[in-house]
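A.B. asks: Numbered according to our numbering, the sequence shown terminates at residue 43, and the numbering increases by one at each position without gaps.
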Amino acid sequence: MENQPYMIAADPSEPGSRVVVTEPDGQQLHIRREDADPEHRFIAYRLAAGWFGNLPAGYETD
């Protein structure tokens, strides 16, 4: 089995406040903006934080 990437997209039901993160095993997580955390132990929640621009202090964006 090949390594599959995490995939992230806006949730069609709430595009401004929720994302769908698909994990490599195919599991989908619907994560709300307020639950996204750049320091969470699960990668999906970290990715959601980046999606919403909720990045750790000192992280530079263009």
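Idealized CB from N, CA, C, for every residue including glycine.
To the nearest whole angstrom, what separates the beta carbons of Val0 and Asp(-8), a pair I think is in contact under 8 Å?
C.D. replies: One-based indexing of the sequence shown puts residue 0 at position 19. One-based indexing of the sequence shown puts residue -8 at position 11. Contact holds; Cβ gap of about 6 Å.
A.B. asks: Going by DSSP in three states, Ala29 sits in which element: helix, strand or coil?
C.D. replies: Indexing the sequence shown from 1 puts residue 29 at position 48. Looking at Ala29 - three-state DSSP - the assignment turns out to be helix.
A.B. asks: Does DSSP put Arg(-1) in a helix, in a strand, or in coil?
C.D. replies: Here residue -1 corresponds to residue number 18 of the sequence shown, with the count starting at 1. Reduced to three states, the DSSP call for Arg(-1) is strand.
A.B. asks: Restricting to Cα atoms, I'd like to know which of Ser(-6), Gly(-3), Pro(-4) and Val2 is closest to Gln(-15).
C.D. replies: Along the sequence shown, one-based indexing puts residue -15 at 4. Answer by Cα proximity: Val2.
A.B. asks: Output the distance between the C-alpha atoms of Glu(-17) and Glu(-5), rounded to the nearest integer angstrom.
C.D. replies: Working through the sequence shown from its first residue, we reach residue -17 at position 2. Working through the sequence shown from its first residue, we reach residue -5 at position 14. Approximately 32 Å, taken between the alpha carbons.
A.B. asks: Output the boundary residues of the beta strand (DSSP E) element that contains Arg13.
C.D. replies: Counting from one through the sequence shown, the residue named residue 13 turns up at place 32. Its beta strand (DSSP E) spans residues Gln9 to Arg13.
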